[in-house]
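In what follows, a structure is listed as structure tokens, so that the remarks can point back to it.
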Amino acid sequence: MTKARTKTVSPHNRSAGAPSRPEWRNARRVVVKIGSSLLVDRASGQLKAGWLESLADDVAHLVHHGKDVVIVSSGAIALGRNMLAFGKGALALEQSQAAAAVGQISLASAYQAVFKAHELTAAQILLTLGDTEERRRYLNARQTIETLLAVHAIPVVNENDTVATAEIRYGDNDRLSARVASMISADCLVLLSDIDGLYTAPPSSGVASALVPEVRQITPEIEAMAGAAGTALSRGGMVTKIEAAKIALSSGTNMVITSGTVEHPLRALDLGATCTWFLAPSDPVTARKRWIAGQLEPKGSLHIDAGAEKALLAGKSLLPAGVTKAEGSFERGDAVVIRGADGRELGRGLVAYARTDAARIIGKKSRDIAAILGHEGRAELVHRDDMVLSRF
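Under this note's numbering, the first residue of the sequence shown carries the number 115, and numbering increases by one thereafter.
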């Protein structure tokens with residue numbers, strides 16, 4: 115068995131009020147996942163309004179200090195099942211979908227109210243598994259979130275439980291939050307949980323255990339520590355959090371598991387609350403470029419002129435005006451090879467237009483795209499953030 119690269123400490127030896135880590139302080143873009151058990155009182159089935167208000171205070175503080183924040187929130191089914199009097203037992207798929215349809219209205223209204231108090235706008239985004247796996251839908255979802263963040267709105271994401279079937283669902287928001295973090299190149303993913311981190315054995319197991327404050331690699335030993343299932347309200351557990359960590363770390367996103375059972379949980383994290391950090395080996399930009407360069411099969415190629423090549427080497431995006439020829443059969447978001455005037459490969463990138471539209475705008479000025487295509491589009495054919503040059 116591979117030895118885990120971890121450090122362990124007893125939770126009782128953790129110093130209170132320790133300074134926050136740079137992975138948290140320096141994160142520019144943060145995704146915060148909130149479990150149902152934190153938002154909804156298990157006994158009454160009612161929203162924990164005071165806790166949600168404290169979280170909104172924390173988020174507003176982050177936004178007002180220049181950070182982008184996306185929330186991935188459970189709670190719709192937990193709220194809806196109480197409103198529909200479905201009881202405490204396991205729900206059939208159609209019952210879960212009905213509960214989500216009812217609960218999502220209440221949940222969205224609650225987020226809208228708490229953020230409005232801070233002069234912030236909440237936006238609801240419902241995703242299915244296919245929205246993060248099918249390339250075109252993935253790009254649409256990413257662009258929507260990017261647009262919202264650009265105007266300092268707070269995207270509140272949940273799985274679209276009203277339409278997702280058993281075969282096309284996540285089933286938990288831990289992995290969904292990791293996919294969202296990867297989608298938007300987040301620096302940090304925070305999993306707020308009813309447990310304050312990963313332990314060498316589940317604390318409820320009766321076996322002596324110690325907190326694992328830092329994980330740099332997901333090994334079989336780390337996976338063995340995860341235990342099993344969550345609560346009746348939560349479909350997740352430590353197992354799904356470890357799966358989320360795999361997704362996040364491969365995307366260059368640091369992840370932290372910390373307790374959300376206290377009010378102002380993000381402030382507590384800033385003050386050095388007990389937690390487990392999963393540290394990515396590279397930042398999101400580096401991880402994304404490595405993925406573009408080595409893991410995607412190119413669907414076509416773009417030939418560019420000398421002026422465009424000079425611009426790319428200076429760190430610019432590829433504009434339609436500098437492209438002389440488009441080859442292959444590609445859709446928006448596919449990988450393409452970028453070739454110089456002599457045919458050599460200069461790099462690879464994700465193209466912003468399908469082959470048919472690209473053919474119509476190559477050689478043209480970006481300001482003319484709307485007139486040519488009949489709709490607004492990106493000014494760049496390949497944005498520099500979606501490009502890797504071979505010379506670098």
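Ideal Cβ positions, reconstructed from N, Cα and C, are used throughout, including at glycine.
Counting along the chain, HIS175 sits inside the alpha helix (DSSP H) bounded by residues 163-178. In this structure, DSSP gives GLY488 a state outside helix and strand, which the three-state scheme calls coil.
For GLN226, the three-state secondary structure derived from DSSP is helix.
By the neighbour-count criterion, in which 16 or more other beta carbons inside 10 Å mark a residue as buried, HIS417 falls on the buried side. Shown here for MET197: same chain residues with a beta carbon closer than 6 Å to its own, the five before and five after excluded, namely VAL216 in chain order. Here DSSP, grouped into helix, strand and coil, assigns VAL399 to helix. Nearest C-alpha to ASP288 among ALA358, LEU460, GLU423: ALA358.
The C-beta of GLU459 has fewer than 16 other C-beta atoms within 10 Å across all chains shown, which makes the residue exposed. C-alpha of TYR252 to C-alpha of ILE259: approximately 11 Å in a straight line.
With respect to ALA449, LEU410 sits close: the two C-beta atoms are nearer than 7 Å.
Pairing GLU248 with GLY320, the inter-Cα distance amounts to about 44 Å. Of the candidates SER158, THR438, GLY164, the residue whose Cα lies closest to the Cα of LYS202 is SER158.
Spatial neighbours of ALA422 in its own chain (CB-CB distance under 8 Å, excluding positions within 5 residues in sequence) are listed in chain order as LEU432, LEU433, ALA435, GLY436, VAL437.
Less than 7 Å separates the beta-carbon of THR367 from that of ALA394. For MET501, the secondary structure class from DSSP, reduced to helix, strand or coil, is strand. According to the DSSP secondary-structure assignment, ARG462 is paired through a beta bridge with VAL451, VAL502.
The beta carbons of HIS378 and SER168 sit closer together than 7 Å. DSSP lists LEU325 as the bridge partner or partners of TYR313. Here LEU152 is actually not in contact with LEU161; their C-beta atoms are around 11 Å apart, not less than 8 Å. Note: THR390 is bridge-paired with ILE371 in the DSSP secondary-structure output. ARG143 is bridged by DSSP to ASP182. Scanning its chain for C-beta atoms nearer than 7 Å, with the 5 sequence neighbours on each side dropped, one finds around ARG256 the residues MET297, ILE298, in chain order. In this structure, the straight-line span from the alpha carbon of ILE361 to that of ALA292 is close to 6 Å. Leaving aside the five residues that flank LEU487 on each side, the residues in its chain whose CB is nearer than 8 Å to its CB run, in chain order, ASP471, ARG474, ILE475. Rounded to whole angstroms, the separation of the alpha carbons of ASP310 and PRO317 is 10 Å. In its chain, beyond the 5 residues on either side, ALA435 have a beta carbon closer than 6 Å to the beta carbon of LYS479. The three-state reading of DSSP puts ILE356 in helix, counting H, G and I together. When the five nearest sequence neighbours on each side are left out, the beta carbons in the same chain lying within less than 6 Å of the beta carbon of ILE483 are those of ILE475, GLY491, in order along the chain. Rounded to whole angstroms, the separation of the alpha carbons of ALA174 and PHE229 is 8 Å.
Using a Cβ distance threshold of 7 Å, LEU240 and ASN272 count as a contacting pair.
Per DSSP, reduced to three states, the secondary structure at THR235 is coil, with no helix or strand assignment.
Under the three-state reduction of DSSP output, THR333 falls in the coil class, being neither helix nor strand. In the DSSP assignment, no residue is bridged to SER443. Taking 7 Å as the cut-off, the beta carbon of SER415 is found no closer than this to the beta carbon of GLY454. By DSSP's assignment, LEU303 forms a beta bridge with VAL145, MET369. Counting along the chain, GLU260 sits inside the alpha helix (DSSP H) bounded by residues 249-264.
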